[in-house]
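**Student:** Let me begin by handing over the structure; questions about it come next.
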Amino acid sequence: MPRKDGRPADPAARRGRPARTVAPWVRTRLRTAPGTAGAFALLVLVTAFLAAALPRTVDRYETEGLRHDIVTARPSTTVLDITAAQPTGDLPPETRADMVTPEHLARKRAELRELLPAPLRVDLTQSAHGVRTTKRVAGLDPWLPKPSGLPPEFTLTTVPELDRHTTVREGRLPTRAEPGRTSEVAVTAETAKSLRLKVGSVVHVPELFAKEPLALTVVGIVEPRLPQGSYWSADTLLRTPVLASKVTGGGTYFYWQAGLLLPPAATTTILASTGEPEVYWRFAPDVSELTAQDEPRLTAVLASVAAGPDLVRIKETVGGTASAATGLDEIVEAYDGMRTAITQVVTVAAFGIGAVAAVVLAMTGGLFAARRAAELALLRSRGGSLAGIGVRLLGETAVLALPAAALGLLLAVLAFPEARFLPALAAAGTVALLAALALPLRALYLHRKPLAHGGREDLVDARPSRGRTVAELTVLVLAVGAVAALRRRGTGGAGDHLVSSAPVLVALIAALVLVRLYPLPLRWAARPARLLRGAVGFLSLARAGRSSATGALPLLALLVALTTAAFGGSVLAGVSEARDRAALLETGADARVTGNADLVPLTDGLRTAVRRTAGVTDMTAAQVEYGVALPDGTGRRPELETTALVGVDPESYTRLAGRTGFGPFPPGLLKSTGTGGTSTGTAAGGKPVLPAIASPAVAERLGTEPRELDAAAGEFAVRVVAVRTGTPALPEQDFLLVNGADLPRGEDTVLLASGPALDGAALRKAVAADSPDFAVVLRAERRAAYVDSPMQEGAERIYVAAIGAGAGYAVLALLLSLMQSAPERATLLARLRTMGLTRRQGRRLLGLEALPQALLAASGGMLVGWATILLLAPGVDLVRLSLAAPPGIATLDAAPLRADAWSLMLPAAGVVVLAALAAGLQAWWSARTGSIKELRAGDGR
Numbered sequence: 000m001p002r003k004d005g006r007p008a009d010p011a012a013r014r015g016r017p018a019r020t021v022a023p024w025v026r027t028r029l030r031t032a033p034g035t036a037g038a039f040a041l042l043v044l045v046t047a048f049l050a051a052a053l054p055r056t057v058d059r060y061e062t063e064g065l066r067h068d069i070v071t072a073r074p075s076t077t078v079l080d081i082t083a084a085q086p087t088g089d090l091p092p093e094t095r096a097d098m099v100t101p102e103h104l105a106r107k108r109a110e111l112r113e114l115l116p117a118p119l120r121v122d123l124t125q126s127a128h129g130v131r132t133t134k135r136v137a138g139l140d141p142w143l144p145k146p147s148g149l150p151p152e153f154t155l156t157t158v159p160e161l162d163r164h165t166t167v168r169e170g171r172l173p174t175r176a177e178p179g180r181t182s183e184v185a186v187t188a189e190t191a192k193s194l195r196l197k198v199g200s201v202v203h204v205p206e207l208f209a210k211e212p213l214a215l216t217v218v219g220i221v222e223p224r225l226p227q228g229s230y231w232s233a234d235t236l237l238r239t240p241v242l243a244s245k246v247t248g249g250g251t252y253f254y255w256q257a258g259l260l261l262p263p264a265a266t267t268t269i270l271a272s273t274g275e276p277e278v279y280w281r282f283a284p285d286v287s288e289l290t291a292q293d294e295p296r297l298t299a300v301l302a303s304v305a306a307g308p309d310l311v312r313i314k315e316t317v318g319g320t321a322s323a324a325t326g327l328d329e330i331v332e333a334y335d336g337m338r339t340a341i342t343q344v345v346t347v348a349a350f351g352i353g354a355v356a357a358v359v360l361a362m363t364g365g366l367f368a369a370r371r372a373a374e375l376a377l378l379r380s381r382g383g384s385l386a387g388i389g390v391r392l393l394g395e396t397a398v399l400a401l402p403a404a405a406l407g408l409l410l411a412v413l414a415f416p417e418a419r420f421l422p423a424l425a426a427a428g429t430v431a432l433l434a435a436l437a438l439p440l441r442a443l444y445l446h447r448k449p450l451a452h453g454g455r456e457d458l459v460d461a462r463p464s465r466g467r468t469v470a471e472l473t474v475l476v477l478a479v480g481a482v483a484a485l486r487r488r489g490t491g492g493a494g495d496h497l498v499s500s501a502p503v504l505v506a507l508i509a510a511l512v513l514v515r516l517y518p519l520p521l522r523w524a525a526r527p528a529r530l531l532r533g534a535v536g537f538l539s540l541a542r543a544g545r546s547s548a549t550g551a552l553p554l555l556a557l558l559v560a561l562t563t564a565a566f567g568g569s570v571l572a573g574v575s576e577a578r579d580r581a582a583l584l585e586t587g588a589d590a591r592v593t594g595n596a597d598l599v600p601l602t603d604g605l606r607t608a609v610r611r612t613a614g615v616t617d618m619t620a621a622q623v624e625y626g627v628a629l630p631d632g633t634g635r636r637p638e639l640e641t642t643a644l645v646g647v648d649p650e651s652y653t654r655l656a657g658r659t660g661f662g663p664f665p666p667g668l669l670k671s672t673g674t675g676g677t678s679t680g681t682a683a684g685g686k687p688v689l690p691a692i693a694s695p696a697v698a699e700r701l702g703t704e705p706r707e708l709d710a711a712a713g714e715f716a717v718r719v720v721a722v723r724t725g726t727p728a729l730p731e732q733d734f735l736l737v738n739g740a741d742l743p744r745g746e747d748t749v750l751l752a753s754g755p756a757l758d759g760a761a762l763r764k765a766v767a768a769d770s771p772d773f774a775v776v777l778r779a780e781r782r783a784a785y786v787d788s789p790m791q792e793g794a795e796r797i798y799v800a801a802i803g804a805g806a807g808y809a810v811l812a813l814l815l816s817l818m819q820s821a822p823e824r825a826t827l828l829a830r831l832r833t834m835g836l837t838r839r840q841g842r843r844l845l846g847l848e849a850l851p852q853a854l855l856a857a858s859g860g861m862l863v864g865w866a867t868i869l870l871l872a873p874g875v876d877l878v879r880l881s882l883a884a885p886p887g888i889a890t891l892d893a894a895p896l897r898a899d900a901w902s903l904m905l906p907a908a909g910v911v912v913l914a915a916l917a918a919g920l921q922a923w924w925s926a927r928t929g930s931i932k933e934l935r936a937g938d939g940r
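If you count by numbering that gives the first Met the number 0, then the sequence shown holds residues 0 to 940, one letter each, in order.
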């Protein structure tokens, strides 16, 4: 109040400025509803964390996948091998020697390394350079091992820094060499053992243009420190000898191939050999700083090094005969194919969850605007401007959304390091912006003109405006057109946002159509319900038909969430099914016991041991013989000259075929002809004819007439009585299946065991105890081997997280839609109780009112999920995601996407159950808290 002298009491007023507000708007509003503010901040925090974590997770598993593919590939394919021809012979000997000195080669290596552009980085610790022979030279000493009378052949290589890569077992490292005459060498322990070398042994190899051979003295036997590294494994002969073979008209002859390690000073010794020497610089890749974003640039660099501008610069550095070779480009290309296939599937989940999160944030703003409708209407009626109200509401939400989004971004960065920051920042910023603007925009739209107090909040007198109708029709036409275009052109395009947004588009179409059509059948059903005894049924149908909780946004959120969950569940189910199928194609059963060589017969003790193994519920034995020559038969399929013959016990074998789905057949088809059975006839040579089941190609070649066969199992004739595309013993090969009891020389060689809880370790132990000549292959182990790449694991984790996030947002969307009309339902219950409504009837009323909306969302979600999978299935192949191998190399050629019934029905059923629980909980809480507040006199509700 003013002072006695008439001057204002507030110093700010005395200075001509407006007085400071005692209770700031934002602080007052946050203190008024701290629980609501905290829940809103938590929602923004979680959403921002998920939005920021998604691109960082994708970056991380893509980078790990690229590094994994390079590190796990054979070093011979990952190294960059730069070679140049040896100095020409017309040069003076001194000049030739100077061009291959260790110092000259090391200097050229440094120059070459500088020429290689990023991101092609070099690991010098695993790189090498020197001189080597391109053609193996024969060992002339008679004491060298000669398995078939052929002399061993050696590669001669100078290797730098041998002391850093080896441990000396005997002797010392080679250091001296006499130009063109002799040299010291070292060999690995494996080479020394196989070639019978020891310290002091002298190996003689031919010398070029000389009668006397080169003498190479072994002075050391070494053990590689990192045998799997590029230094040793780029050329495996340097560490491990190989028993090779030569096939000639006289038969197959075996001989040894090995490598001799020469010191860097022995370059002139190699130049004097007959091995056609060359100069080499071998660079091992360094992937420690390589990222997925480097892949396009790396592909371009590799192409330039192999045949481009970088190769020209390499030739200018080391000579015009230089060339560069690497298999790294093929590895990167395979990686890009897998990333494209996986990204196409992952982006569908990203778009779906992003759309659901955006709708939920918009619904949150709508709920806040609805709860504060009376307050904002009062402000507007008393002269509040839209701009002033909007700025204050923006301040309320921004002060919560911005810190929460920043904290979510920080948590994502800490949880997922080594990834790009800008995409995560953009995602978290988008969440903060949407969360901050949802309430102001919704409030400004609703209060763009003053509202009359006391209007109804349901849809009984709501009539969509012409503008809204035009807008909905426009969106509907655009969505239908986009889906039609997508269906017409296919879904094979990678990185196509139209493909990725298919669930959202289909859900948008369904939401717009269902929201318009939803009230009509309920209102029709309410008319005969009026004739029923009691008012609960009629009231529930009438209120459900005009409830404000059934809007486009809640329905869209539920449909997209259910669709994403259905798509994700179908993807995971398809991946699991593809891996199960591929593993079964490799083994034919849960366990496969075969000999280490062909035609090793099973023993009775082995059969008994397998049968007694824990978890084995059934087993069958078969005789498998490969390479059985086929007669000309019908003359068709001339390229099919041989096939595999399989002799089985029809009773036990058809049980296995029925379980696996690989060509089941009635046992009577292979009824025995040699043990009391009926023969299918007699061949021209008087041999009994065995009934046979054949693969399609074999059946086409043999026809339906009896055909004689000459196999290790005996001489007999077969007649094809049935055709099957596969059989458990040979799921992926052409075959001829007969009754094993009818074979003249029948001896089972393969044992197929089944059991859902089969103990693989116990089975291996039992087989090894009986005979060391047999190996065990387990279906479970083969299946586990298919998860090979971090990209597969990362994509599966994203889909699991997408299903969980979709379920969470669906629950939140359902709760938000019910919360928006919760005060109205509470008031209704209170008033109806004054008219005699019991608590049980109140629960029934709220449950029946919520049921149509939940059924609408559930049925619409299943329909939209099924339609989305049907739409995207032609362009989605799960082979890469399932088996980490491209079609043609993988066990399966294709793994199409199919709708999984459980993924469609379980989330939809969860929505119905949750809606019923929420309605029952509200009825219980309303009965518990009483009705004083809802029955206040003069309340506009």
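Backbone N, C-alpha and C define an ideal beta-carbon position, used for all residues, glycine too.
(1) Pick out whichever of A712, G739 and R700 has its Cα sitting closest to the Cα of V722.
(2) For G754, which residues from the same chain have a beta carbon less than 6 Å from its beta carbon, with the 5 sequence-adjacent residues on both sides left out?
(3) With DSSP as the reference, label G129 as helix, strand or coil.
(4) Taking DSSP as the reference, what is the three-state secondary structure of W142?
(5) Which runs of the alpha helix (DSSP H) at least 4 residues long sit entirely within the stretch 337-396? Give them in chain order.
(6) Determine the closest residue to L79 out of A898, V304, L870 and G573, with distance taken between C-alpha atoms.
(7) The beta strand (DSSP E) spanning T216 covers which residue range?
(8) Across which residues does DSSP place V505 in a beta bridge pair?
(9) Nearest chain C C-beta to R59 closer than 8 Å, yes or no?
(10) Need the endpoints of the alpha helix (DSSP H) that G37 sits in, please.
(11) Counting C-beta neighbours from all protein chains within 10 Å, is the total for V459 16 or more, i.e. buried, or is it exposed?
(12) Buried or exposed: Q227, going by 16 or more other Cβ atoms within 10 Å of its Cβ?
(13) Please name the residue or residues paired with S788 in a DSSP beta bridge.
(14) Going by beta carbon distance, what residues of the same chain come within less than 8 Å of I313, once the five residues before and after it are set aside?
(15) In the DSSP assignment, what residue or residues form a beta bridge with Q256?
(16) Whose CA, out of A922, A40, R224 and R781, lies closest to the CA of R591?
(17) In this structure, what does DSSP give as the bridge partners for H203?
(18) Taking C-alpha atoms, which residue in D97, V498 and A84 lies nearest to A483?
(19) Is DSSP giving G725 helix, strand or coil here?
(20) Do the stretch 89-97 and the stretch 356-374 touch if we need at least three Cβ pairs shorter than 8 Å?
(21) Give the range of the alpha helix (DSSP H) segment to which M618 is assigned.
(22) Taking the Cβ atom as the reference point for each residue, do A431 and A411 lie within a distance shorter than 8 Å?
(23) Identify whether Y279 lies in helix, strand or coil by the three-state DSSP scheme.
(24) Cβ of G795 within 8 Å of Cβ of V574?
(25) Could you tell me if K134 is buried or exposed, where buried requires 16 or more neighbouring beta carbons within 10 angstroms of its beta carbon?
(26) Since L598 and E624 should fall inside the 8 Å C-beta cutoff, what is the C-beta to C-beta distance between them, to a whole number of angstroms?
(27) Kindly give me the distance between the Cβ atoms of T562 and V505, rounded to whole angstroms, as I take these residues to be in contact under 8 Å.
(28) Give the C-beta separation of T77 and G326 to the nearest angstrom, bearing in mind that I take them to be a contact with Cβ-Cβ under 8 Å.
(29) Three-state secondary structure (DSSP) at A898?
(30) Taking all protein chains shown into account, decide if Q921 is buried (16 or more other Cβ within 10 angstroms of its Cβ) or exposed.
(31) Between which two residues does the alpha helix (DSSP H) carrying P439 extend?
(32) Identify whether E177 lies in helix, strand or coil by the three-state DSSP scheme.
(33) Going along the chain, which residues of its own chain have a beta-carbon closer than 8 Å to the beta-carbon of I508, five neighbours each way excluded?
(34) With distances taken Cα to Cα, identify the nearest neighbour of V749 among I797, L605, T867 and A710.
(35) DSSP three-state call for F734: helix, strand or coil?
(36) Helix, strand or coil: which one does DSSP assign to W924?
**Tutor:** The short version:
(1) Minimum Cα distance to V722 is reached at R700.
(2) Closer than 6 Å at the Cβ level, and outside the excluded window around G754, lie D589, G614, V615 and T616.
(3) It is a strand residue.
(4) W142 falls in the coil class under three-state DSSP.
(5) 372-380, all fully within the stretch 337-396.
(6) Comparing alpha-carbon positions, the option among A898, V304, L870 and G573 lying closest to L79 turns out to be V304.
(7) L213 to P223 is the span of the beta strand (DSSP E), which, as asked, contains T216.
(8) Answer by DSSP bridge pairing: none, since V505 is not bridged.
(9) The structure shown contains no chain C; it is built from a single protein chain.
(10) Where G37 is concerned, the enclosing alpha helix (DSSP H) starts and stops at P33 to T71.
(11) Summary for V459: the model assigns pLDDT 44, below 50, so the residue's position carries little reliability; its value from the coordinates is reported in the next sentence. So V459 ends up on the exposed side.
(12) Exposed: under 16 other Cβ atoms inside 10 Å.
(13) Under DSSP, S788 forms no beta bridge with any residue.
(14) Here the set comprises I81, L111, L114, V304, A321 and A323.
(15) Partner(s): E152 and V241.
(16) Proximity to R591 across A922, A40, R224 and R781 peaks at R781, based on C-alpha coordinates.
(17) Bridge partners of H203: A214.
(18) Of the candidates D97, V498 and A84, the one whose C-alpha sits nearest the C-alpha of A483 is V498.
(19) In this structure, DSSP gives G725 a state outside helix and strand, which the three-state scheme calls coil.
(20) By the criterion of at least three beta-carbon pairs nearer than 8 Å, the stretch 89-97 is not in contact with the stretch 356-374.
(21) In this chain, M618 is not harboured by any alpha helix (DSSP H); it is covered by the beta strand (DSSP E) spanning D617 to A628.
(22) With a cutoff of 8 Å on beta-carbon distance, A431 and A411 are scored as not near each other.
(23) In the structure shown, Y279 sits in a strand (DSSP, three-state: E or B).
(24) In the sequence as presented, Gly is not what sits at residue 795; that position holds Glu. Closer than 8 Å, so yes.
(25) With fewer than 16 other beta carbons inside 10 angstroms of its own, K134 counts as exposed.
(26) Going by Cβ atoms, the distance from L598 to E624 rounds to 7 Å, so yes, they are a contact pair.
(27) 7 Å between Cβ atoms; contact.
(28) So it is a contact: roughly 7 Å between Cβ atoms.
(29) In this structure, A898 counts as coil in the three-state DSSP scheme.
(30) Per the 10 Å Cβ criterion, buried.
(31) Annotation for P439: the continuous alpha helix (DSSP H) segment containing it runs L421 to L445.
(32) Assignment of E177 by DSSP, reduced to helix, strand and coil, places it in the strand class.
(33) Within the same chain, Cβ atoms closer than 8 Å to the Cβ of I508 are found at L475, A478, V479 and V482, the five residues on either side in sequence being excluded.
(34) Ranking I797, L605, T867 and A710 by Cα distance to V749 puts L605 first.
(35) Look at F734 here: in three-state DSSP terms it is strand.
(36) In the three-state reduction of the DSSP assignment, W924 falls in the helix class.
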